[in-house]
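Residue numbers (our numbering): 1 to 112.
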């Protein structure tokens with residue numbers, strides 16, 4: 001695990017999302033295409049760094065993982081969210097939605 005991912009102020013974990021907030025973010029994510037695709041190597045430092053960069057740029061992103069064991073895939077998505085300080089908004093099949101507001105100027109406004 002890289003200290004780069006944990007020492008940046010942008011990487012602080014977000015507060016838990018309410019169901020209303022999750023529903024709002026799922027609606028926004030519906031039209032998005034996955035920006036990060038996990039390969040056979042799984043969750044590497046490079047993938048975690050790229051995901052963190054994508055979250056900084058977009059705040060809300062989709063991640064696509066290879067098929068296979070559902071429990072392993074769920075653990076992978078949870079670990080990626082933890083390593084990037086983001087919230088796992090939704091997971092369906094082999095696609096997950098992650099959200100992390102920009103610390104300087106959030107572009108996505110979510111309801112209270």
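Yeah, the Cβ is synthetic: ideal placement off N, Cα and C, and Gly gets one too.
Residue 99 places its beta carbon 7 Å or farther from that of residue 109. If you draw a straight line from the Cα of residue 76 to the Cα of residue 43, it comes to about 7 Å. Shown here, residue 98 sits in a strand according to DSSP, grouped into three states. Straight-line spacing of the CA atoms in residue 85 and residue 51 works out to 10 Å.
Under the DSSP assignment, residue 90 falls in the beta strand (DSSP E) whose first and last residues are 87–92. Counting other Cβ atoms within 10 Å of its Cβ, residue 19 stays below 16 and is therefore classed as exposed.
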